[in-house]
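Student: For the sequence shown, the UniProt record's numbering begins at 1 and goes up steadily by one.
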Amino acid sequence: MAQHVFQALPYDIHFEIAKHMPYNEILKLAATNRHFRKVLSPRAILGAEEALEFVTERDGHLRKIGHELFACSNCLRLLPKKKFIKTNSFYDISWSARFCLDCTGTLKTHRHLVSVADADGKLRYYFCHNCGEYRTESEKCQGDRIDSDTKEADAAEALVLCAKPRRERQGIENLPVHILAKISSFLGFADVLHLAQVSRALNDIVKPNQWVPLHERYQYIDDKWTQDVHAMDPDKIPAFPCYICCKIYPKKKFTEKHINMAQEMPETIWRMRCHQCVWRMGMSPMSVVRIELRRREMCETCGCIKYARDTCGRCLELYIEGVIDWKTLHPREGKVEEALLLVEGLFIQEVEENDKKAKRDSLDSGVCL
Numbered sequence: 001m002a003q004h005v006f007q008a009l010p011y012d013i014h015f016e017i018a019k020h021m022p023y024n025e026i027l028k029l030a031a032t033n034r035h036f037r038k039v040l041s042p043r044a045i046l047g048a049e050e051a052l053e054f055v056t057e058r059d060g061h062l063r064k065i066g067h068e069l070f071a072c073s074n075c076l077r078l079l080p081k082k083k084f085i086k087t088n089s090f091y092d093i094s095w096s097a098r099f100c101l102d103c104t105g106t107l108k109t110h111r112h113l114v115s116v117a118d119a120d121g122k123l124r125y126y127f128c129h130n131c132g133e134y135r136t137e138s139e140k141c142q143g144d145r146i147d148s149d150t151k152e153a154d155a156a157e158a159l160v161l162c163a164k165p166r167r168e169r170q171g172i173e174n175l176p177v178h179i180l181a182k183i184s185s186f187l188g189f190a191d192v193l194h195l196a197q198v199s200r201a202l203n204d205i206v207k208p209n210q211w212v213p214l215h216e217r218y219q220y221i222d223d224k225w226t227q228d229v230h231a232m233d234p235d236k237i238p239a240f241p242c243y244i245c246c247k248i249y250p251k252k253k254f255t256e257k258h259i260n261m262a263q264e265m266p267e268t269i270w271r272m273r274c275h276q277c278v279w280r281m282g283m284s285p286m287s288v289v290r291i292e293l294r295r296r297e298m299c300e301t302c303g304c305i306k307y308a309r310d311t312c313g314r315c316l317e318l319y320i321e322g323v324i325d326w327k328t329l330h331p332r333e334g335k336v337e338e339a340l341l342l343v344e345g346l347f348i349q350e351v352e353e354n355d356k357k358a359k360r361d362s363l364d365s366g367v368c369l
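1. Kindly identify the DSSP beta-bridge partner or partners of Pro-250.
2. Quick one: measure Cβ to Cβ for Ala-196 and Glu-173, integer angstroms, because I've assumed they're closer than 8 Å.
3. Going by C-alpha to C-alpha distance, which of Leu-46, Leu-76, Cys-277 sits closest to Glu-57?
4. Would you identify the three-state DSSP class for Met-21, choosing helix, strand or coil?
5. Buried or exposed: which applies to Leu-369, given that a residue is buried once 16 or more other Cβ atoms fall within 10 Å of its Cβ?
6. Go ahead and label Tyr-11 buried or exposed: buried means 16 or more other beta carbons lie within 10 angstroms of its beta carbon, across all protein chains shown.
7. Using a threshold of 6 Å, is the CB atom of Ile-348 nearer than that to any non-hydrogen atom of the ligand COA?
8. Sort out for me which residues DSSP pairs Pro-80 with in a bridge.
9. Using 8 Å as the cut-off, can you tell me whether the region 229 to 246 makes contact with the region 312 to 327, which would need three or more C-beta pairs spanning the two stretches below that distance?
10. So residue 396 packs on Leu-214, CB below 8 Å; how close in whole Å?
11. For a quick check, are the C-beta atoms of Cys-131 and Cys-100 less than 7 Å apart?
12. Grab the span of the beta strand (DSSP E) containing Ile-305 for me, first residue to last.
13. Over the uninterrupted alpha helix (DSSP H) stretch that includes Tyr-126, give me the two end residues.
14. Do Ala-153 and Asp-144 have their CB atoms nearer than 7 Å?
15. Alpha helix (DSSP H) containing Met-281: first to last residue?
16. Taking just the CA atoms, how far does Cys-246 sit from Arg-217?
17. Give the range of the alpha helix (DSSP H) segment to which Met-298 is assigned.
18. Just mark Asp-223 as buried or exposed, buried being the case when its beta carbon has 16 or more other beta carbons within 10 Å.
19. Check whether the Cβ atoms of Phe-186 and Val-212 sit closer than 7 Å, and answer yes or no.
20. For the alpha helix (DSSP H) holding Ser-184, just list the boundary residues, first then last.
21. Measuring straight from C-alpha to C-alpha, what distance separates Gln-7 and Ser-287?
22. Is DSSP giving Ile-85 helix, strand or coil here?
23. The alpha helix (DSSP H) that contains Val-114, what's its start and end?
24. Is the number of C-beta pairs between the region 107 to 124 and the region 77 to 91 that are closer than 8 Å three or more?
25. Helix, strand or coil: how does DSSP classify residue 374 here?
26. For Met-272, count neighbouring Cβ atoms within 10 angstroms of its own Cβ and tell me buried if that reaches 16, exposed if not.
27. Between which two residues does the alpha helix (DSSP H) harbouring Asp-149 extend?
28. Where does Phe-15 fall in DSSP's three states?
29. Quick one: give me the first and last residue of the alpha helix (DSSP H) that Asn-203 is part of.
30. Going by the DSSP bridge assignment, what does Cys-100 pair with across the sheet?
Spelled out as structure tokens, the structure:
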């Protein structure tokens with residue numbers, strides 16, 4: 001068929017065409033279907049130096065906008081922070097190499113079965129030089145390191161003590177990301193959070209803060225936190241919500257300014273943000289977190305959070321349920337309609353007055369004759 005003519009060309013022709021394309025254009029071509037994704041490797045076509053230059057530049061741009069994706073110096077993938085090993089200069093890839101967990105295990109950059117913290121500082125991993133896998137303390141391998149002078153019997157025993165290979169993805173884990181996102185759009189925020197907790201694979205794929213509408217995220221976090229602290233003294237509240245990343249953190253994760261603001265001005269608590277979000281906001285004026293916060297505002301009708309100049313998602317649900325009418329849902333359009341009716345009334349009044357004046361003039365002229 002016509003749409004498969006280019007794909008049916010020999011690989012040599014694809015290779016020669018790709019050699020004259022920029023790195024990002026090859027990535028776009030490789031993303032069109034599974035065939036090109038399998039046969040077109042920008043790193044193999046253009047060389048490791050050009051690939052590293054592109055990824056380093058891209059990583060620098062992501063740092064400027066405060067995005068939570070980081071480039072691996074070896075495999076050149078862009079991954080979340082939790083997929084990397086903690087280093088002294090983690091945020092500057094041009095200063096020192098940054099390796100993801102998979103590449104750290106493959107390259108054996110850390111000592112055998114010595115704990116290493118991830119970049120988030122939440123977990124510690126143990127890398128095995130025998131099998132190349134990495135596990136947490138409860139699952140780690142137990143065998144001694146196999147060296148060149150290790151006896152065959154000891155090597156076999158060490159391999160037996162290695163952790164079992166991770167299971168392959170099954171069922172829903174194999175679905176394309178856009179289908180999982182579509183499924184999540186019909187679920188509540190709590191259900192999407194539970195879906196992300198089913199397995200490590202789904203935890204890496206599912207993005208609750210991107211796949212669930214803003215008003216549902218805000219309503220879930222606000223209701224949960226309010227229910228937990230409604231009977232507490234304000235000074236003894238142990239945790240507060242961050243409405244940017246939609247999580248509830250201990251009090252120490254927030255600045256004193258935001259805690260005082262939440263206690264003294266409860267109506268502005270929807271602007272609460274944790275240390276990490278504040279830090280990402282301050283990275284540059286182009287920070288995605290800063291832009292996200294500026295886009296938000298409180299809905300005057302239902303008190304939920306919405307994007308400025310957009311219809312409130314919660315109000316739309318109330319309208320579908322029949323709780324509010326169209327004018328309440330779109331108050332600005334209602335005001336515009338009223339203004340238009342007022343202007344129309346002025347025109348009609350002016351036309352009527354002109355008609356009456358014309359009739360009087362015609363009557364006066366008739367009397368004179």
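Backbone N, C-alpha and C fix where the C-beta goes; we use that ideal spot for every residue, glycine too. Remember, it's a predicted structure, so these values are computed and weren't measured experimentally.
Tutor: According to the structure data:
1. Counting from 1 along the sequence shown, the entry for residue 250 is found at position 250. Per DSSP, Ala-239.
2. Translated into positions along the sequence shown, residue 196 becomes position 196. Translated into positions along the sequence shown, residue 173 becomes position 173. Rounded to the nearest angstrom, the Cβ distance from Ala-196 to Glu-173 is 12 Å, too far for a contact under 8 Å.
3. Within the sequence shown, residue 57 is the residue found at index 57, counting from 1. In terms of CA proximity to Glu-57, Leu-76 leads the group Leu-46, Leu-76, Cys-277.
4. One-based indexing of the sequence shown puts residue 21 at position 21. Note: Met-21 maps to coil in three-state DSSP.
5. If you number the sequence shown from 1, residue 369 lands on position 369. For Leu-369, the predicted model reports a pLDDT of 45, less than 50, meaning its position is unreliable and no value from the coordinates is stated.
6. Walking along the sequence shown from the start, residue 11 turns up at place 11. Its Cβ having fewer than 16 others within 10 Å, Tyr-11 is exposed.
7. No copy of the ligand COA appears in this structure; indeed no ligand is present at all.
8. Residue mapping note: residue 80 aligns to position 80 of the sequence shown, counting from 1. Beta-bridge partners of Pro-80 (DSSP): Leu-69.
9. Counting Cβ pairs under 8 Å, fewer than three are found: no touch.
10. In the structure as shown, the chain starts at 1 and stops at 369, and residue 396 therefore has no counterpart that could be examined.
11. Along the sequence shown, read from residue 1 onward, the residue named residue 131 stands at position 131. Along the sequence shown, read from residue 1 onward, the residue named residue 100 stands at position 100. Result no, Cβ atoms of Cys-131 and Cys-100 do not sit closer than 7 Å.
12. Here residue 305 refers to the residue found at position 305 when the sequence shown is read from its first residue. Residues 305 to 307.
13. Along the sequence shown, read from residue 1 onward, the residue named residue 126 stands at position 126. First-last for Tyr-126: 124 to 127, but that is the beta strand (DSSP E), not the alpha helix (DSSP H).
14. Taking the sequence shown and counting its residues from 1, one reaches residue 153 at position 153. Taking the sequence shown and counting its residues from 1, one reaches residue 144 at position 144. In terms of Cβ geometry, Ala-153 and Asp-144 do not form a close pair [threshold 7 Å].
15. Residue numbering aside, residue 281 sits at position 281 when the sequence shown is read from its first letter. That run of the alpha helix (DSSP H) goes 275 to 281.
16. Locating residue 217 in the sequence shown gives position 217, counting from the first residue. Locating residue 246 in the sequence shown gives position 246, counting from the first residue. Each residue's Cα considered, the two are about 7 Å apart.
17. Taking the sequence shown and counting its residues from 1, one reaches residue 298 at position 298. Unbroken run through Met-298 is the beta strand (DSSP E), 296 to 298; no alpha helix (DSSP H).
18. What you label residue 223 is simply residue 223 of the sequence shown in a count that begins at 1. Under the 10 Å beta carbon count, Asp-223 is surrounded by fewer than 16 other beta carbons and is classified as exposed.
19. As a position in the sequence shown, residue 186 is number 186, starting the count at 1. As a position in the sequence shown, residue 212 is number 212, starting the count at 1. When the beta-carbon positions are compared, Phe-186 and Val-212 stay at least 7 Å from each other.
20. Taking the sequence shown and counting its residues from 1, the one referred to as residue 184 is at position 184. First-last of the alpha helix (DSSP H) with Ser-184: 177 to 184.
21. Residue 7 sits at position 7 when you count from the first residue of the sequence shown. Residue 287 sits at position 287 when you count from the first residue of the sequence shown. The C-alpha of Gln-7 lies about 39 Å from the C-alpha of Ser-287.
22. Indexing the sequence shown from 1 puts residue 85 at position 85. In the structure shown, Ile-85 adopts extended strand secondary structure according to DSSP, grouped into three states.
23. Start at 1 with the first residue of the sequence shown, and residue 114 comes out as number 114. Element bounds for Val-114: n/a, residue is neither H nor E.
24. The region 107 to 124 vs the region 77 to 91: in contact.
25. This structure does not reach residue 374, given that the chain is present from 1 up to 369, and the question cannot be answered.
26. To locate residue 272, count along the sequence shown from 1; it is residue 272. That one is buried.
27. Translated into the one-based positions of the sequence shown, residue 149 becomes position 149. Boundaries cannot be given for Asp-149, as no alpha helix (DSSP H) includes it and DSSP labels it neither H nor E.
28. Here residue 15 corresponds to residue number 15 of the sequence shown, with the count starting at 1. Note: Phe-15 maps to helix in three-state DSSP.
29. Position 203 of the sequence shown, counted from the start, is the residue given in the question as residue 203. Residues 200 to 205.
30. Mapped onto the sequence shown, residue 100 falls at position 100. DSSP, once it has assigned bridges, lists Phe-84 as partnering Cys-100.
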